[in-house]
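Student: Note that numbering that gives the first Met the number 0 gives residue 282 to position 283 of the sequence shown, counting from 1, and the numbers run on in steps of one.
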Amino acid sequence: MQKKTVRDEEVGGKRVLVRVDFNVPMDRNGKIEDDTRIRACLPTIIWLIDHRARVILCSHLGRPHGRVDEHLRLAPVARRLSELLQRPVEPLSEAIGPGVLRAVSEMQDGEIVFLENLRFYPGEEENNPGFARELSRLADLSVNDAFGASHRAHASVVGLAAYIPCVAGLLMEKEIVMLGSLLEDPARPFVVIMGGAKVGEKIGILENILTRADCILVGGGMAATFLKGRGWDVGTSAVEPGTMELVGSIQRRAAALGVRVLLPVDVVVAEKPESGATARVVRSDQIPPGCRIADIGPLTILEFTQELRRCRTVAWNGPMGVFEIPQFSDGTRSIATVLAGLDAITVIGGGSTAEAVTQLGLAGRMTHVSTGGGASLQFLAGKTLPGIAVLVDKE
Ligand code: ADP
Ligand code: MG
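1. Which residue's Cα is closest to the Cα of I175: I208, K3, A355, V356?
2. Cβ of G372 versus every heavy atom of ligand 2: is any distance shorter than 7 Å?
3. Closer than 7 Å by C-beta to A335: which residues in its own chain qualify, once you throw out the five before and the five after it? Chain order, please.
4. Look up V76 in the DSSP assignment and say whether it is helix, strand or coil.
5. Going by C-alpha to C-alpha distance, which of D34, G275, V260, N22 sits closest to P325?
6. Is the beta carbon of S351 within less than 7 Å of some heavy atom of ligand 2?
7. Only counting the same chain, and skipping five residues up and downstream in sequence, which positions put a Cβ closer than 8 Å to that of S149?
8. In the structure shown, what three-state DSSP assignment does V23 receive?
9. In the structure shown, what three-state DSSP assignment does L341 receive?
10. Rounded to a whole number of angstroms, what is the C-alpha to C-alpha distance between L209 and V313?
11. Taking C-alpha atoms, which residue in S328, F189, L301, L307 lies nearest to V268?
12. Under 6 Å Cβ to Cβ from G203, same chain only, skipping five residues before and after it: list those, please.
13. Locate the alpha helix (DSSP H) running through A223, then write down its first and last residues.
14. At the level of alpha carbons, what is the spacing between S283 and S248?
15. Among residues of its own chain, excluding the 5 on either side of I215, which ones have a beta-carbon nearer than 6 Å to its beta-carbon?
16. What is the residue span of the beta strand (DSSP E) that N316 lies within?
17. Which residue comes first and which comes last in the beta strand (DSSP E) that contains S135?
18. Looking at G168: is its Cβ nearer than 8 Å to the Cβ of C40?
19. Helix, strand or coil for T89? Go by DSSP, reduced to three states.
20. Ordered along the chain, which non-local residues of its own chain (more than five positions away) have a Cβ less than 6 Å from that of L71?
21. In the DSSP output, which residue or residues are listed as bridge partners for R364?
22. A353 to P121, Cα distance in whole Å?
23. Note down the Cα distance separating G257 from A212, rounded to an integer number of angstroms.
24. Report whether the distance from the Cβ of G234 to the nearest heavy atom of ligand 1 is below 7 Å.
25. Assign S351 to one of two classes, buried (16 or more other C-beta atoms within 10 Å of its C-beta) or exposed (fewer than that).
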């Protein structure tokens, strides 16, 4: 990797500001429902304390829109982190100012403090230089381990780098290396599975990955656009305006490049994909009017499985169906199960896809499940993420 990481720095005795993405789901009583994002940053934090750094953590939580919201304080998150690390983590009630400076100046090597929610300050999302400057005064070095926030040009992600050097944390490094390997030199055959709802958002990935992939499997809501492109009736399935032409040009390019694009041969349809709905399996060219696609069908699962069994690298973004509802979850579950059993590099990107794999208890059997939803999509689309661009390059 071309960017410096914490491992390239002398951190002993230094004040190190670590930007993490601990934007965890929490109920109104401060109970954390899923601590995956906290666990994902433990290697960086442990590395820093083992090397006697003074660790100043900062994160955002929820959308307080630049004002203090008592329900969005980070103290419960600091508590959970403290339990996981089995050492004290001191939550501060502010992120900048004299009180914070004083607390930081009293820190000993290997100690940890946690700044208050960065988004209590309007300067964070505005990327205000004054706010970034105030944050920078707390530390000698900053570490970005918040891959999930690195597509946002916010003060703690981007602005800070104008004042103090900013290097990658170990999670950030893993994300860049794993997602980057898909775009650089993937072991072949390389199969890309695309699905999910937001077709418009994913065209960028398709365009960028097309030149690298050997085969693209299309499922989820995205399949409707491709099937409609064949001139088939897709019933009431959503087809975003403007996406038909883009999908058409992607298919022409794929044909020219010799990249195979596999569409579902059968689909599960329903009048409305809600719980209790009646699900029917039909051929993809026989979708009844008044019905919409809610999952890939059993023959498609079989075809996709055969394709996956042959490959050495898989990238998956977007669930195969409305997996939140049991009668439309077969496609997503089957594909996740196949991936879990493959002797191949398996990389999962996208918030919902990661959620599906985690719910199925299969996350640990993938090579990498990205912690960045939107950030992973932008990375795979070949965009430069502002929070990565500002990291110091290796000499
Ligand atoms: P990701 O977050 O992994 O990038 P998306 O946000 O694009 O994925 O899509 C996730 C959503 O897509 C899920 O909520 C799922 O229910 C929905 N979805 C999947 N297949 C279909 C379909 N055929 N019709 C409508 N929604 C679908
Ligand atoms: Mg999503």
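Ideal placement from N, C-alpha and C gives every residue a C-beta, glycine not left out.
A quick note: this is a predicted structure, and the numbers were derived from the prediction, not measured.
Tutor: Taking the geometry as given:
1. K3
2. yes
3. A355, V356, L359, L361
4. helix
5. G275
6. yes
7. N143, V156, M171, G371, A374, L384, P385, G386, I387
8. coil
9. coil
10. 13 Å
11. S328
12. A380
13. 221-228
14. 21 Å
15. V191, V260
16. 312-316
17. That residue, S135, is in no beta strand (DSSP E); its alpha helix (DSSP H) goes 128-135.
18. yes
19. Looking at the sequence shown, residue 89 is not Thr but Glu. In this structure, E89 counts as strand in the three-state DSSP scheme.
20. L60, G61, P63, N116
21. Answer is none; R364 lacks a bridge partner.
22. 30 Å
23. 10 Å
24. no
25. buried
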